[in-house]
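Protein chains: 2
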Amino acid sequence: MEGAARVIARRGVRGLRMEELAAEAGVSTALIYYHFKDRAGTLRHTLEFISDRADRYTAGEEEGAEGDARQDLEQTLLLEFQDAPEVRENSTAWGELRASAIFEPGLRADLARATLAWIHDVADLLGRIEPTIPAPELTASAERLTGLLEGLSTRWLSGALPLAHARELVSEAVALEIDRLTR
Amino acid sequence: MEGAARVIARRGVRGLRMEELAAEAGVSTALIYYHFKDRAGTLRHTLEFISDRADRYTAGEEEGAEGDARQDLEQTLLLEFQDAPEVRENSTAWGELRASAIFEPGLRADLARATLAWIHDVADLLGRIEPTIPAPELTASAERLTGLLEGLSTRWLSGALPLAHARELVSEAVALEIDRLTR
DNA sequence: GTCTATATCAGGATAGAC
DNA sequence: GTCTATCCTGATATAGAC
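So the sequences go chain by chain: A and B.
Heads up: the first sequence begins at 1 in the numbering used here, then just goes up one per residue.
Heads up: the second sequence begins at 1001 in the numbering used here, then just goes up one per residue.
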């Protein structure tokens, strides 16, 4: 699964070849098929693996010091923009999943669920900053912030946007949204 | 080229098969190769075609009534979110191009140029609303707005975000950015 | 310019031994 | 569980006639 994540980060979901994956993992292709049935099964397991790994990252943050809700939010959003290989692999794989879902309805359900959960988490963090704000407002802000994140993520991964600048843009967007909600 | 745009919208850049493209255009595959040399050449021509077509849409708007600069901006940004087949085809193809660029460095130059031009256009429109604002501020706002657009576009095309809601989110984002710049 | 074959090849998948 | 060897399909690309 770790090898698969690396290959996906390098070639994309649609560029993944079973042979390269096998080489990356240091086994034969036949063994991959033995464990995961076929290409689609391999992909499913890999995406699940990546999803779990991403949850692990965020988990630590949310329980963190109750100190500053706003910093928690910013921290969480900025997790996506780091130069660690695992983060890059996760972001790449998720980006691929999103892009693939446009043409493969079978992926849409999984994707929609994950996206909704993500939006809900962000809305929740926003709500902790100022508990009086009605839920629909929080959701709309969360949708804009996560939407922006996804857009900038693609730019970053394709080399069109330096990491530091991406982080600045996100921070400022957070400031704008909070400003709007608390005014 | 029109057939190619339809096929790309249906299958994605990476899912495009020369045979399906030929069938869509009502000719043989050999004829495609005769005109466009190979798959890559066909893709290049198609993307150029799509790009030109997109320019045509926006062109009309920018020269429009000098009435309300802000409305011009909002109009321009919302052009991406319409249910017309051509718009959907263009959005899909551009989204595919962006996603592909992560794995194909050869595409990055074209993409970066187009993205920069797009950001510049938006920054320009923002500048017309309030000419005293320094350029870097305008650019940052434009980067956030276009970034958001790209993120929401993917969600819309994958069926995760209704068109009307996408438009609301964009409108509100425009309001936030203008509010920020003119405060 | 356009077609009907067809060559070619990459890559997914399996058989069968160990 | 794991390998080597191989089959087979699907897709790009070309040859050669009209």
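Backbone N, C-alpha and C define an ideal beta-carbon position, used for all residues, glycine too.
Everything numeric in this text was worked out from a predicted model, so none of it was measured.
The alpha helix (DSSP H) with ASP1121/B in it runs from where to where?
1105-1129
is_contact[ARG1056/B, chain A] using C-beta, thresh 8 Å:
no
Helix, strand or coil at ARG44/A according to DSSP, with G and I counted as helix:
helix
Limits of the unbroken alpha helix (DSSP H) element including VAL1087/B:
1085-1101
Do you know offhand how far ALA30/A's Cα is from GLU48/A's?
22 Å
Closer than 8 Å by C-beta to ALA54/A: which residues in its own chain qualify, once you throw out the five before and the five after it? Chain order, please.
ASN90 and TRP94
For GLN75/A, the nearest candidate out of THR42/A, PHE103/A, LEU125/A and SER28/A (CA to CA):
LEU125/A
Using beta-carbon positions only, say whether THR1154/B and TRP1118/B come within less than 8 Å of one another.
no
For HIS165/A, which of LEU152/A, GLU104/A and MET18/A has the nearest alpha-carbon?
LEU152/A
Just verifying my parser: in three-state terms, what is the DSSP assignment at ARG1167/B?
helix
Secondary structure of PRO136/A, DSSP reduced to three states
helix
ALA114/A and LEU107/A: beta carbons closer than 8 Å?
no
Measure the C-alpha to C-alpha separation of ALA5/A and ILE1008/B and round it to an integer number of angstroms.
27 Å
Burial state of ARG183/A (16 or more Cβ within 10 Å)
exposed
So what does DSSP say about ALA1160/B, is it helix, strand or coil?
coil
Decide if ARG1017/B is buried, meaning its Cβ has at least 16 other Cβ atoms within 10 Å, or exposed.
exposed
Measure from the C-beta of GLU74/A to each C-beta in chain B and report whether the shortest distance is under 8 Å.
no
Is there a Cβ of chain A sitting closer than 8 Å to that of ILE1129/B, yes or no?
no
Quick check: the Cα distance between PRO136/A and ALA1069/B, rounded to an integer number of angstroms?
29 Å
For THR132/A, count neighbouring Cβ atoms within 10 angstroms of its own Cβ and tell me buried if that reaches 16, exposed if not.
exposed
Mind checking GLU1019/B: buried by the 16 CB within 10 Å criterion, or exposed?
exposed
Is it buried or exposed for SER1158/B, if we count other Cβ within 10 angstroms and need 16 for buried?
buried
Going by DSSP, what residue range makes up the alpha helix (DSSP H) through PHE36/A?
29-36
In angstroms with no decimal places, state the Cα-to-Cα distance between ARG14/A and ARG1014/B.
7 Å
Mapping DSSP to helix, strand and coil, what is GLY12/A?
coil
Going by DSSP in three states, GLN1082/B sits in which element: helix, strand or coil?
coil
Rounded straight-line distance, which links the Cα of ARG1044/B to that of VAL122/A:
40 Å
Backbone CA spacing between LEU169/A and ALA25/A [nearest angstrom]:
37 Å
Chain A contact for GLU1150/B (CB, 8 Å cutoff)
yes
Listed by chain order, chain B residues near ALA112/A by CB distance under 7 Å:
ALA1160
Tell me, please, whether the CB atom of ILE1102/B is closer than 8 Å to any CB atom in chain A?
yes
Taking any Cβ of chain B, which residues in the segment 80-102 of chain A have a Cβ under 9 Å from it, in chain order?
THR92, GLY95, GLU96, ARG98, ALA99, SER100, ALA101 and ILE102
With 8 Å set as the bound, which would you pick, yes or no: does the beta-carbon of THR1154/B sit closer than that to a beta-carbon of chain A?
yes
So, does the CB of LEU176/A fall closer than 8 Å to a CB anywhere in chain B?
yes
Counting only C-beta atoms, is THR1139/B closer than 8 Å to chain A at any point?
no
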